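These notes are about the structure you will find just below.
In our numbering, the protein residues as written are 56 to 220.
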C-alpha cells in the first residue's frame, strides 16, 4: 500500500494593527508582516519552535508537567491572535467601542476609524458627521486640525493612490 503525499496547506494572514500606536511592520518567527498586506504561510515551510506544557503524571493530587520544545505551523499560532486575520476565516465582531467623552478619547477614536476607512469619500462623510461629537468632547480646533493634518490627509493620500479593485 503506497502512502499518498498530502499537498502542503497554504493559508493567508494579514497583520491588522488595532491601536494607533501599533507598529506598521512586525516580524513573527522570522516572517515579516506589513500592516494590511496578506502573507502566505505554508504549514510545512513556516513553522515555529515553541515550548508546550505537557502533563506527564500526577503526585499527591497535583498534575506534574514539563515543557517540551515542539514545532507547530506558524499559521496555527496566528489563528488565535486578534491582530492577524486569516483569509476566509470568520472574524469575531468586536463590541461597539464606547462613545468618546474627552479630546484624547476622540483622538484615539478618530485615528482608529480613519485608518480603517475603505475610501476617501466615506472618510470625508464621517468626518463631517462627527463635527458635533468633536465639539461634545472638547476636541478643540487645534486638536481637530492636528488629526486632519497628521492622520486624515495622509490616509486620504494613500486611499487616493490605491489601484482600483
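C-beta: ideal position from N, C-alpha, C; glycine also. In this text the structure is predicted, and so the values were computed from the model without any measurement.
| Item | Value |
| --- | --- |
| Cβ shell of residue 71 (< 8 Å), same chain only, five flanking positions each side left out | 90, 91, 138, 139 and 140 |
| Cβ shell of residue 110 (< 6 Å), same chain only, five flanking positions each side left out | 118 and 120 |
| Whole-angstrom distance between residue 196 and residue 101, CA atom to CA atom | 49 Å |
| Residues that residue 69 bridges to, as DSSP identifies them | 93 and 140 |
| C-beta contact flag for residue 172 and residue 198 at 9 Å | no |
| Three-state secondary structure (DSSP) of residue 104 | strand |
| Residue-level contact to chain C via CB, residue 89, 9 Å cutoff | The question asks about chain C, but that chain is absent: this structure has only one protein chain. |
| Cβ distance (whole Å) where residue 94 is taken to contact residue 86 below 8 Å | 6 Å |
| Residues near residue 96 by beta carbon distance below 8 Å, same chain, minus five either side | 65, 66, 67, 68, 86, 128, 129, 130 and 133 |
| Extent of the continuous alpha helix (DSSP H) to which residue 180 belongs | 175-184 |
| Terminal residues of the alpha helix (DSSP H) in which residue 161 lies | 158-171 |
| Residue 178 burial status per 10 Å Cβ neighbour count (16 or more: buried) | buried |
| Integer Cβ distance of residue 169 from residue 206, believed to fall under 8 Å | 5 Å |
| Beta-carbon proximity list for residue 88, same chain, < 6 Å, skipping 5 on both sides | 70, 81 and 94 |
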